[in-house]
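In our numbering, each residue carries its 1-based index in the sequence shown increased by 1243. The C-beta atom is built at its ideal place from N, Cα and C for all residues, glycine as well. Reading through the structure tokens given below for one structure.
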Amino acid sequence: MSAHALRRLILRLRRRLHLAEGATATEYAIMLALIVLGSMGVIGSIGSKFRVLYTMIAEAVGGTI
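The following block contains the structure:
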């Protein structure tokens, strides 16, 4: 590969890298959606475990709660 062709390749790569810097709004929206879905799953799992724990405590106390 000649020196001129190598320089052109490097310049093209730099331009492409410069244009690709930073996340776009679409990428942020996808990341936010994944975070929300993951959070919903974790909260749902924790919520059901607390419901079971609360039921066990209520039954142990005699259902007076």
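Could you tell me the distance, in whole angstroms, from the CA atom of residue i to the CA atom of residue j?
{"i": "Ala1246", "j": "Val1285", "result": "55 Å"}
{"i": "Glu1302", "j": "Ala1268", "result": "50 Å"}
{"i": "Arg1255", "j": "Arg1294", "result": "59 Å"}
{"i": "Gly1305", "j": "Val1279", "result": "38 Å"}
{"i": "Glu1270", "j": "Ile1289", "result": "29 Å"}
{"i": "Tyr1297", "j": "Ser1291", "result": "10 Å"}
{"i": "Leu1277", "j": "Met1283", "result": "10 Å"}
Quick check: is the beta carbon of residue i nearer than 8 Å to any beta carbon in chain D?
{"i": "Arg1255", "result": "Checking the listed chains, one finds no chain D in this structure; it contains a single protein chain."}
Excluding the 5 residues flanking residue i on each side, which residues of the same chain have their C-beta closer than 8 Å to its C-beta?
{"i": "Ala1272", "result": "none"}
Could you have a look at residue i and say whether DSSP puts it in helix, strand or coil?
{"i": "Gly1305", "result": "coil"}
{"i": "Thr1298", "result": "helix"}
For residue i, collect the residues of the same chain with a Cβ closer than 6 Å to its Cβ; drop the 5 residues on either side in sequence, then sort them by chain order.
{"i": "Arg1251", "result": "none"}
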